[in-house]
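With the numbering used here applied, the sequence shown covers 331 to 514.
Idealized CB from N, CA, C, for every residue including glycine.
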Amino acid sequence: MQYRYALIVASALMLAPLAVGPSLGAGGGGGDSSGGGSGGGNTPKCAAGKIYDKKTKKCVTQKSGAVDDDTIYWTGRQLAQGGSYDEAIKVLSLAQNKNDPRILNYLGYSHRKAGRVLVGLGYYEEALRADPNYYVVYEYLGEAHLQLGDVAAAKNQLAEIEKRCGVSCEEYKELAVQIDAFKG
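Below, the structure is given as structure tokens:
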């Protein structure tokens, strides 16, 4: 948990000078306490079809190889958490590493939130094939099962989270609350 707070503080300090530049896009917390790289948090918001390149500090045309996969992940995550699911899918699909569980997880999240739950399930399964211990996926997988009305499957995902990070981690608590609140 301390690592997460250190990552948040470091990201905020790193991005503070950008606050006077382009407007910051919608953020989004939760759902990914695993860290997973430098550059989390908010990145400057670019026009449709563009992505922020932290190296050049400019918005560049979205195309494969235009920016590194870490930037693609954080930008896609931010777009998804902000509700821009189709734009997030476009950005995340640019990743060079098609087996990055972080990318696959947010492709699943974006499809699921856009109403394509079964497509989302497929991406979650791919993410778990790439890294069965990437426990963040299990929360979203459980949420997908709840969307389909399958409480038992959601509880199975909760058990997978517990095996990997215990009952005190954010993902466990979030899914447990959603299971308890589910009215099928």
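DSSP-derived helix/strand/coil call for residue i
i, result
"aspartate 461", "coil"
"lysine 493", "helix"
"glutamine 477", "helix"
"glutamine 426", "coil"
"lysine 513", "coil"
"aspartate 399", "helix"
"glycine 472", "helix"
Selection from the options that minimises the alpha carbon distance to residue i
i, options, result
"tyrosine 468", "Gly479, Arg432, Gly445 and Arg446", "Arg432"
"glutamine 411", "Cys495, Asp400, Tyr439 and Lys385", "Tyr439"
"leucine 458", "Asp510, Ile491, Gln408 and Lys443", "Ile491"
"lysine 443", "Asp430, Lys503, Leu476 and Arg494", "Leu476"
CA-to-CA distance, residue j to residue i, given in whole angstroms
i, j, result
"lysine 375", "tyrosine 436", "18 Å"
"glutamine 508", "glutamate 473", "8 Å"
"serine 414", "tyrosine 453", "18 Å"
"glutamate 456", "threonine 405", "21 Å"
"lysine 513", "tyrosine 465", "25 Å"
"lysine 420", "lysine 428", "13 Å"
"lysine 384", "tyrosine 403", "13 Å"
"leucine 345", "glutamine 408", "Low confidence applies to leucine 345: its pLDDT is 34, below 50, so where it sits in the model is not reliable enough to give any reading."
"valine 397", "leucine 422", "11 Å"
"aspartate 430", "alanine 460", "7 Å"
"leucine 471", "lysine 387", "35 Å"
Environment of residue i [buried if 16+ CB atoms lie within 10 Å]
i, result
"leucine 488", "buried"
"glycine 479", "exposed"
"alanine 425", "buried"
"leucine 451", "buried"
"valine 497", "exposed"
"leucine 448", "exposed"
"alanine 484", "buried"
Below-8 Å beta-carbon distance, residue i vs any chain D residue
i, result
"valine 466", "The structure shown contains no chain D, having only a single protein chain."
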